[in-house]
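In order, the protein sequences belong to chains X and R. When we follow our numbering, the leftmost residue of the first sequence carries the number 322, and every step to the right adds one. When we follow our numbering, the leftmost residue of the second sequence carries the number 322, and every step to the right adds one. C-beta atoms are modelled at their ideal positions from N, C-alpha and C, and glycine is treated no differently. Please read all numbers here as calculations on a predicted model, not as lab measurements.
Number of protein chains: 2
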Amino acid sequence: MTKPFPRSPQMSGWEAPQRFEGDLYDLEIEGEVPADLNGSFFRVAPDPQYPPRMGDDIFINGDGSVSAFRIEDGHIDFKTRYVQTPRYLREREARESLFGLYRNPYTNDPSVAGLSNTTGNTNVVMHNGLLWALKEDSLPIAMDPLTLETIGQSDFAGQVRSQTFTAHPKFDPGTGDMYCFGYEAGGLASSDIAYYVIDPSGKVKHEAWFTMPYPGMVHDMAITENYVLFPVAPFTSDLERMKAGGLHWQWEPGLDVVYGVIPRDGGAEDVRWFRGPNAFVGHTLNAFEDRGKIYYDVPLTNDNVFGFFPDAKGRSPLPSELKSSVMRVEIDPRRADLRAQGEVLVDAPAEFPAVDDRYLATAYRHVFLMGFGGAMDLASVPAQPYNMMFNAFLHVDAHNGAVRTTWAPGAAATVQEPVFVPRGPGAPEGDGYLLALVNRLDEVRSDLVILDAEHIDAGPIATARLPFRMKNALHGSWAAAEEFNRPS
Amino acid sequence: MTKPFPRSPQMSGWEAPQRFEGDLYDLEIEGEVPADLNGSFFRVAPDPQYPPRMGDDIFINGDGSVSAFRIEDGHIDFKTRYVQTPRYLREREARESLFGLYRNPYTNDPSVAGLSNTTGNTNVVMHNGLLWALKEDSLPIAMDPLTLETIGQSDFAGQVRSQTFTAHPKFDPGTGDMYCFGYEAGGLASSDIAYYVIDPSGKVKHEAWFTMPYPGMVHDMAITENYVLFPVAPFTSDLERMKAGGLHWQWEPGLDVVYGVIPRDGGAEDVRWFRGPNAFVGHTLNAFEDRGKIYYDVPLTNDNVFGFFPDAKGRSPLPSELKSSVMRVEIDPRRADLRAQGEVLVDAPAEFPAVDDRYLATAYRHVFLMGFGGAMDLASVPAQPYNMMFNAFLHVDAHNGAVRTTWAPGAAATVQEPVFVPRGPGAPEGDGYLLALVNRLDEVRSDLVILDAEHIDAGPIATARLPFRMKNALHGSWAAAEEFNRPS
């Protein structure tokens, strides 16, 4: 029998577990779904199957629950399924949680020793005709993009020896190659990064192993025309701490952010580590090169956003002490000086970026983010993780940082990560649609909104109404229908 | 593309369409599910698949959506699926409503001429190893009780020639025989009743056709040791009115309620029609015989509860004009006098009864109903059909009409129809559990509560928490696990 979940802030209210799998055919729609949209909007949310083994838990440790909005001919069909990880299957069999603290296998039940820790809860992306559920602590889980049936965890037919795999791979717009990596690649709390390039048919084209200056957190990455960049956030992992039942991560206020830079086809000997001031590193907007310099656009925060991973003294900042901006980090890979310079691109907190993926790794102009609009009384929002309270979409001009437009649906709504879909193959950059879930806190249910990306302030072109709430997802992506038919 | 549903009282708020199908494994439970509960609680709710063809609609015209709570070893698994009626399948194909007014085929799209009108939305009962979704306008739909997959509409291998089939058959506790009937059996708006007895293996043991005094509404029935009773409510159907695009039913303030009484094995020549004052007839509690007289316990209301079927002048009473009581109707089948006498059993509105089915058709003591408790501010409840506002469970002693206990979970909750489950095969009458959904209006979600039937005022033994609201069902039933394994 499933005992009650704790009614803690991360497991109650809007974030209470949903735990259901199912389908909703032909969503009720206000407005008109553009006829040129044909594909699926995928997203994955942490949704714990069983109450936490340790009494309570942090939201990023929940089992991955994938949703697909299949859009075609103006119709939208909804489907949601759990990622059937080895962990999910074993816990379902036991009817209870067997895995303990976030990425600390020493707190797991002895019966699951050696079993993959992954929840697959962080991102879902299409590659090689399959949908991949990603979590940076383990190898990815392949799923059928149409049925959302889990196929299984994969090391790409033995080609990927890393024990881990990023949740934020980048796809070269020209070749479709997947640029990806694992950190703690050689083992728990190790400083190893294993970097891979995997072609659209699943063949590993390039591999390089190297070592970080400290065993830090590398949640995202970036690619430019010639380089790959690995931003290391100043958390450290420690095996002895974990063995003692402690947390995987400890915030390190005394450590720099370091940016590993390696040529796309480089080896360990080519890696250089650039340094910037201590900060919490957010999600990659994009990166590009200009006159030999690398520019990396990313939100940086002055202190630890993940307060549930405190520093060595057990300290975490209050939300009011956090100051967050979208930064443009400048790195000159030709210089001996290993300093990364940063300048403010947007002087406001904004996160969960979406760009026109056809302009990845190159000079780009349009980026969409979650941010704050004036309409929301933040005090009315139930206590939630910092990054779940955004109530507006921002359209930022990356040429000059201007926030061109914003849209907030009302005082009782928050938003989830948007994805950008170009209007068509030949459309100019930024000409297309923004798709995202809106949390209707007032009605305890969610909407999928489709916005004209160049006119997000005009409100939705179409709103697909869900009859229930959808917990905040972490990340997701759009896949055009033709990607479902690739040979795999 | 599904256009928006109307935001009318019967299609918004708690009653907004849900339209999803899916599963929730191992429900989160507060308290302890009794280990001796092994079976399924089935219920069916009207849940329109597409916005109404006529602009708006009444709740009883929505597509049947069946839920099953499978309870075993202290666990509860939830499943919900649509009854895939011919109508549901055709409308899904067309992606719009093709059927018009409630039971008026003349308002349907010409493309569905001749197709069964049924939604299967009124009741679900087990018989012959199958789950039957019932609606009184058509033949029943068989479903798999474990998967809820629809098997198909059935005329019992050609044995049932009636075009219709009641949603409230009665099962003889000794033999398991199903006592059932269709009205409008010979055709739309006809006065024909076809009465059947079908044994547990699906074989028709008895059939009789006869004619009502007027083409009225026969929503329920009753059985006693020797008789079958058909209560006819004073609505009339009229083919010409339907052809002109009017309603199936018209309330008739000038007509008596009539009770057709026939010996269990009787023929048309044996039917006698007893008369009582004009009233709205509710759902059968039970019936029994004592010293040759038939006693029929049923809620009666002084005027038309179904205000959406007004009288010939278009009049419907205000809710405040309705006066409802649970009555004991006395009929003496030996007398020439065809008057039915009524006395008040419970002087309060109460409906959706549940009894210990082992005591059907015989002297009984315990009956459970939905009623009103003091805790609820009715003004705070969104406008809903009359019978959806109950906020308490009543335990009535049918020996003397005493309302022994009541339980209301709070000011912001309403309740759905309960079912009674005996504690075990040898348990005394009323010793067991009451299972029902509670609508948590405050949290926009539902609970399944399990009460000790003899102590419903003590609050739930176990509460299984659903993460979403479940629209008000019409009816449901409990089936013990051994019923799933009967040869069919």
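- Task: Taking all protein chains shown into account, decide if X/L699 is buried (16 or more other Cβ within 10 angstroms of its Cβ) or exposed.
- Result: Residue placement at X/L699 is flagged as unreliable, the pLDDT there being 49, under the threshold of 50; a coordinate-derived value is accordingly withheld.
- Query: Near X/G473, which residues of its chain fall below 8 Å by C-beta distance, leaving aside the five closest residues on each side in sequence?
  - Reply: I462 and A463
- Taking Cβ positions only, does R/P703 come closer than 8 Å to chain X? Residue placement at R/P703 is poorly supported in this model, since its pLDDT is 45, which falls under 50; the coordinates still yield a value, given next. So no, R/P703 is outside the interface.
- Query: For X/K524, does the count of other Cβ atoms within 10 angstroms reach 16, so buried, or fall short, so exposed?
  - Reply: Exposed, because fewer than 16 other Cβ atoms sit within 10 Å of the Cβ of X/K524.
- Message: At the level of alpha carbons, what is the spacing between X/E590 and X/S512?
- Response: 16 Å
- Report the residue from X/M533, X/M538, X/P781 and X/I583 whose alpha carbon sits nearest the alpha carbon of X/T545. For the residues X/M533, X/M538, X/P781 and X/I583, the minimum Cα distance to X/T545 belongs to X/I583.
- Query: When the cut-off is 8 Å and only beta carbons count, does X/Y346 lie next to chain R?
  - Reply: yes
- Query: Would a C-beta distance cut-off of 8 Å place R/F380 and R/Q339 closer than the cut-off?
  - Reply: no
- Message: Counting only C-beta atoms, is X/Q737 closer than 8 Å to chain R at any point?
- Response: no
- Should X/G441 go down as buried or exposed, given a rule of 16 or more other Cβ atoms within 10 Å for buried? buried
- Rounded distance between the beta-carbons of X/F477 and X/A542, thought under 8 Å: Residue identity differs from the one stated: residue 542 of chain X is Met in this sequence, not Ala. With a Cβ gap of about 18 Å, X/M542 and X/F477 do not count as contacting.
- Query: Using a C-beta cutoff of 8 Å, does R/M791 count as contacting chain X?
  - Reply: No, because no Cβ of chain X sits closer than 8 Å to the Cβ of R/M791.
- CB contact check: R/E336 to chain X, cutoff 8 Å: no
- Item | Contacts around X/R588, its chain only, beta-carbon distance under 6 Å, and the 5 residues preceding and following it disregarded | Note that residue 588 of chain X is Gly in the sequence shown, not Arg. Cβ within range, chain order: A529.
- Query: For the putative contact between X/A608 and X/A682, defined by C-beta atoms under 8 Å, what is the C-beta separation to the nearest angstrom?
  - Reply: 7 Å
- Please specify which runs of the beta strand (DSSP E), each continuous and at least 3 residues long, are wholly inside the segment 745-775 of chain X, giving them in chain order. Every unbroken stretch of the beta strand (DSSP E) spanning 3 or more residues and falling wholly within the segment 745-775 of chain X is given here in chain order: 753-761 and 766-773.
- Query: So what does DSSP say about X/M375, is it helix, strand or coil?
  - Reply: In the three-state reduction of the DSSP assignment, X/M375 falls in the coil class.
- Message: Does chain R have any CB closer than 8 Å to the CB of X/I514?
- Response: no
- Query: In three-state terms, what does DSSP make of R/F629?
  - Reply: In the structure shown, R/F629 sits in coil (DSSP, three-state: anything other than H, G, I, E or B).
- Query: If you count every other CB in all the chains shown that lies within 10 Å of the CB of X/S641, and 16 or more means buried, which is it?
  - Reply: exposed
- Would you kindly check if the distance between the Cβ of R/F714 and the Cβ of R/I777 is under 8 Å? yes
- Which residues in the same chain as R/V742 place their Cβ atom closer than 6 Å to its Cβ, once the five residues preceding and following it in sequence are excluded? G753, Y754 and W799
- Task: Find the residues of chain X that neighbour R/M322, judging by a C-beta separation of less than 7 Å, and give them in chain order.
- Result: Within chain X, the residues near R/M322 are I350, V354, G395 and H396.
- Message: Need the endpoints of the beta strand (DSSP E) that X/K614 sits in, please.
- Response: K614 to T622
- Message: Distance cutoff 8 Å, beta carbons only. Does R/F673 sit that close to anything in chain X?
- Response: no
- Task: Could you spell out the range, first to last residue, of the alpha helix (DSSP H) harbouring R/K564?
- Result: L560 to K564
- Which residue's Cα is closest to the Cα of X/H527: X/L560, X/P494, X/V539 and X/R482? X/R482
- Task: Take R/P490 and list the residues in its own chain whose beta-carbon comes closer than 7 Å to its own, dropping the five residues that flank it on each side.
- Result: Same-chain partners within the cutoff: V446, M499, Y500 and C501.
- Task: Can you have a look at R/R790 and say buried or exposed, based on whether 16 or more other CB atoms are within 10 angstroms of its CB?
- Result: buried
- Select from the segment 373-388 of chain R all residues with a C-beta closer than 9 Å to any C-beta belonging to chain X, and list them in chain order. none
- Residues near R/E664 in its chain [Cβ-Cβ closer than 8 Å; skip 5 each side]: M648, R649 and E651
- Item | Continuous beta strand (DSSP E) stretch holding R/Y500: start and end | M499 to Y504 is the span of the beta strand (DSSP E), which, as asked, contains R/Y500.
- Message: Short of 6 Å in beta carbon distance, which residues of its chain neighbour R/I392, apart from the five on each side in sequence? Order them along the chain.
- Response: L358
- Alpha carbon to alpha carbon, how far is R/E839 from X/R761? Not covered by the structure: residue 839 of chain R. The range shown for chain R is 322 to 809.
- Query: What is the rounded straight-line gap between the Cα of R/S767 and the Cα of R/V404?
  - Reply: 21 Å
- Item | Other residues of its chain near X/F629: CB distance less than 6 Å, five sequence neighbours each side excluded | I379
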